[in-house]
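Q:
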Amino acid sequence: MPIVNMADMLKHAYHHSYAVGAFGVVNLDFVQGVLEAAENCRAPVILNLIESHFSYYDLELLMPAVTAAAQRAKVPVAICLDHGVSIASAVRGIRAGCNGVMVDTSLLPLDENLRLTREVADMAHACGVAVEGELGYVPGDEDEEGVKTQGGLVYTLASEAKAFVERTGVDFLAVSIGTVHGRMSGTPKLDYSRLAKINEAVGIPLAVHGGTGLSDDQCKKLIANGVAKINYYTALSEVAANAIKANVSPGQKSYKTIAHGVRGAIRTEVERCNRLWGCSGRAAEVLAQCRPWHEVEHIMLYNQPEGLSEEATATMLSRNKETLAAIPGVRRVLTGTAVNGEKRSCWLVRLASPEVAASFKGHPEQLKFASSLSQQGTADKVAMDFELGE
-13 MPIVNMADML
-3 KHAYHHSYAV
7 GAFGVVNLDF
17 VQGVLEAAEN
27 CRAPVILNLI
37 ESHFSYYDLE
47 LLMPAVTAAA
57 QRAKVPVAIC
67 LDHGVSIASA
77 VRGIRAGCNG
87 VMVDTSLLPL
97 DENLRLTREV
107 ADMAHACGVA
117 VEGELGYVPG
127 DEDEEGVKTQ
137 GGLVYTLASE
147 AKAFVERTGV
157 DFLAVSIGTV
167 HGRMSGTPKL
177 DYSRLAKINE
187 AVGIPLAVHG
197 GTGLSDDQCK
207 KLIANGVAKI
217 NYYTALSEVA
227 ANAIKANVSP
237 GQKSYKTIAH
247 GVRGAIRTEV
257 ERCNRLWGCS
267 GRAAEVLAQC
277 RPWHEVEHIM
287 LYNQPEGLSE
297 EATATMLSRN
307 KETLAAIPGV
317 RRVLTGTAVN
327 GEKRSCWLVR
337 LASPEVAASF
347 KGHPEQLKFA
357 SSLSQQGTAD
367 KVAMDFELGE
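Residue numbering for the sequence shown follows our numbering, beginning at -13 and increasing consecutively.
(1) If we call anything under 8 Å between Cβ atoms a contact, is residue 199 one with residue 174?
(2) Is the shortest distance between the beta-carbon of residue 257 and the beta-carbons of chain C less than 8 Å?
(3) Between the region 244 to 255 and the region 218 to 236, do three or more beta carbon pairs fall short of 8 Å?
(4) Mind checking residue 234: buried by the 16 CB within 10 Å criterion, or exposed?
(5) Mapping the DSSP letters down to three states, classify residue 16 as helix, strand or coil.
(6) In whole angstroms, give me the CA-to-CA distance for residue 116 and residue 231.
(7) Does residue 327 pass the burial test, meaning 16 or more other C-beta atoms within 10 Å, or should it be called exposed?
(8) Determine the closest residue to residue 72 out of 59, 55, 91, with distance taken between C-alpha atoms.
(9) Starting from residue 246, trace the alpha helix (DSSP H) in both directions and tell me its first and last residue.
(10) DSSP has residue 278 in a bridge; who is on the other side?
(11) Between which two residues does the beta strand (DSSP E) carrying residue 185 extend?
(12) If I follow the unbroken beta strand (DSSP E) through residue 111, where does it start and stop?
(13) Quick one: what does DSSP say residue 0 is sitting in, helix, strand or coil?
(14) Helix, strand or coil: how does DSSP classify residue 371 here?
(15) Closest to residue 140 by C-alpha separation, out of 151, 263, 161, would be which residue?
(16) Locate the alpha helix (DSSP H) running through residue 303, then write down its first and last residues.
(17) By how many angstroms is the C-alpha of residue 346 removed from the C-alpha of residue 308?
(18) Return the CA-CA distance between residue 216 and residue 257, expressed in angstroms with no decimal places.
(19) Is the beta carbon of residue 283 closer than 8 Å to that of residue 336?
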């Protein structure tokens, strides 16, 4: 099944009263364990790439594997950049292959949170990418390395949530109603009355960060009050660590032996979540209701100006390649020249979605690129957009 539009996926969950798990992944054991669980349960799923984890892995190296695994999965999958720190983070995530982004500006004053979230939404929506905003503040540890988020719990206000959604245009909203990142000592006390008021005020899918440690009953009440996305990582990290600990013995030197069972432990935990959150068995109907996510290849051919040296041609290609690569939603830019000696240059620009293709020609950086070629005497342009088949 294809990667699908994340907004469509969560709208389906919201309107049918279940929640999709957004599971944090840090390596192939996590990716494969999560997807195997989703396939076993016939459940839609979101693979979460959390920016605070990027010190552990290289996003640009892991993402091709994440994308390939998602594309060959037998259930609908979305890929989300989670807790980005800036609009540049969102651009990077989209360029890497994410079709959902969340930039966390929740610690900022409300007007700044509004402004920056709106900027992210405008940019991402032009790329066809879904956007999650956060209002209120969820404290705790964002990863197992003890990287603590700053500040204490700040609850989301229903009155502010309505204005926030209207003014930012986000597709879903992460709310603060008593959960924490990481694992809380004891059972979290959740404010369901507040959540119900927020849900009534905004009418869009709600997200809860800090799913680890919630009881079965708490999860069911969250879903009954509009939560359609539950972020979940800490418990996966814990079961993975426990699987490794069970394999460690004196003199053990094999990494494969020590890591054996990690994928299975993750699979078991994700299957439990899928059944509890009501998304098991939903894959077929979600696929029928969601737009597929696919890239577009934009191909341009130019006749080079007469008298341009090979060095000057190489400089022109390199400079203009950087110009195009800076456009949000441009995933890759390849350039080349004809092998038969003809003075022709070719540009292959991989765009994240058809929405990017629609806005690409009028983007200021693309107009700058076209102007540069015109000034250098390059002419006779041929340009076409392609959607590649399997």
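Virtual Cβ for every residue (Gly too), placed ideally from N, Cα, C.
On a predicted model such as this, the values are computed, not experimentally measured, just so you know.
A: In terms of the structure at hand:
(1) yes
(2) Going by chain labels, chain C is absent from the structure shown, which holds only one protein chain.
(3) Yes, the region 244 to 255 is in contact with the region 218 to 236.
(4) exposed
(5) helix
(6) 38 Å
(7) exposed
(8) 91
(9) Premise fails: residue 246 is in no alpha helix (DSSP H) and is neither H nor E.
(10) -10
(11) Note, residue 185: premise wrong, no beta strand (DSSP E); alpha helix (DSSP H) at 178 to 188.
(12) Looking at the DSSP string, residue 111 is not in any beta strand (DSSP E); the run it does join, the alpha helix (DSSP H), is 96 to 112.
(13) helix
(14) strand
(15) 161
(16) 296 to 311
(17) Rounded to the nearest whole angstrom, the CA to CA distance from residue 308 to residue 346 is 15 Å.
(18) 14 Å
(19) Their beta carbons are under 8 Å apart, which means residue 336 touches residue 283 by this criterion.
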